[in-house]
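Q: After the structure tokens below, expect a handful of questions from me.
Numbering (this note's numbering), first residue to last: 99 to 212.
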């Protein structure tokens, strides 16, 4: 059998990180991220399933660094709040348990006031 994508399941080295394969879970906003921007146990379990399913890198929901100017929808992970650390840690450990890494998109919106 000839594979259409022969390298898909082979490891990929990027700098000092080696991914177990070339599959990356795309970012998905999950409704169980709290209005304050915290990752719940349910959200961590949701992301863990992506790693368990074979993704080498799992992208979490969009993060913001400034809640007043960075929001584009109501369920961002709020990096401005120290309370987010526990949920992010749980999600990262759940993902790592399956040999995957956590990948994150950070949204920074800059506004010009004239």
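Note that CB positions come from ideal geometry on N, CA and C, so glycine has one too. It should be emphasised that the depicted structure is a prediction, and the values quoted were computed from it without experimental measurement.
Along the chain, where does the alpha helix (DSSP H) that runs through residue 165 open and close?
A: It spans 165-168 - the alpha helix (DSSP H) in which residue 165 sits, taken as one unbroken run.
Q: Cβ atoms of residue 125 and residue 203: under 7 Å apart, would you say?
A: Cβ distance < 7 Å, so residue 203 and residue 125 count as in contact.
Q: Grab me the residues of residue 154's own chain with a C-beta within less than 6 Å of its C-beta, minus the 5 sequence neighbours each way, in chain order.
A: Excluding residues within five positions, the ones whose Cβ falls inside 6 Å are 117, 118, 119, 121 and 198.
Q: CB residue 149 to CB residue 100, shorter than 7 Å?
A: Cβ distance not < 7 Å, so residue 149 and residue 100 don't count as in contact.
Q: I'd like the list of long-range same chain contacts for residue 140, defined as Cβ closer than 6 Å, with 5 residues on each side in sequence excluded.
A: Result list for residue 140: 130, in chain order.
Q: Only counting the same chain, and skipping five residues up and downstream in sequence, which positions put a Cβ closer than 6 Å to that of residue 196?
A: Same-chain partners within the cutoff: 149 and 150.
Q: Where does residue 197 sit, in a helix, a strand or coil, going by DSSP?
A: Residue 197: coil per DSSP, three-state reduction.
Q: Alpha carbon to alpha carbon, how far is residue 145 from residue 205? Give it in angstroms, no decimals.
A: Roughly 19 Å between the two C-alpha positions.
Q: Can you tell me which of the three DSSP states residue 192 falls into?
A: Helix.
Q: Per DSSP, which one or two residues make a beta bridge with residue 176?
A: Residue 176 pairs with 162.
Q: Tell me which same chain residues have a C-beta within less than 6 Å of the C-beta of residue 177, skipping the five on either side of it?
A: Excluding residues within five positions, the ones whose Cβ falls inside 6 Å are 161 and 163.
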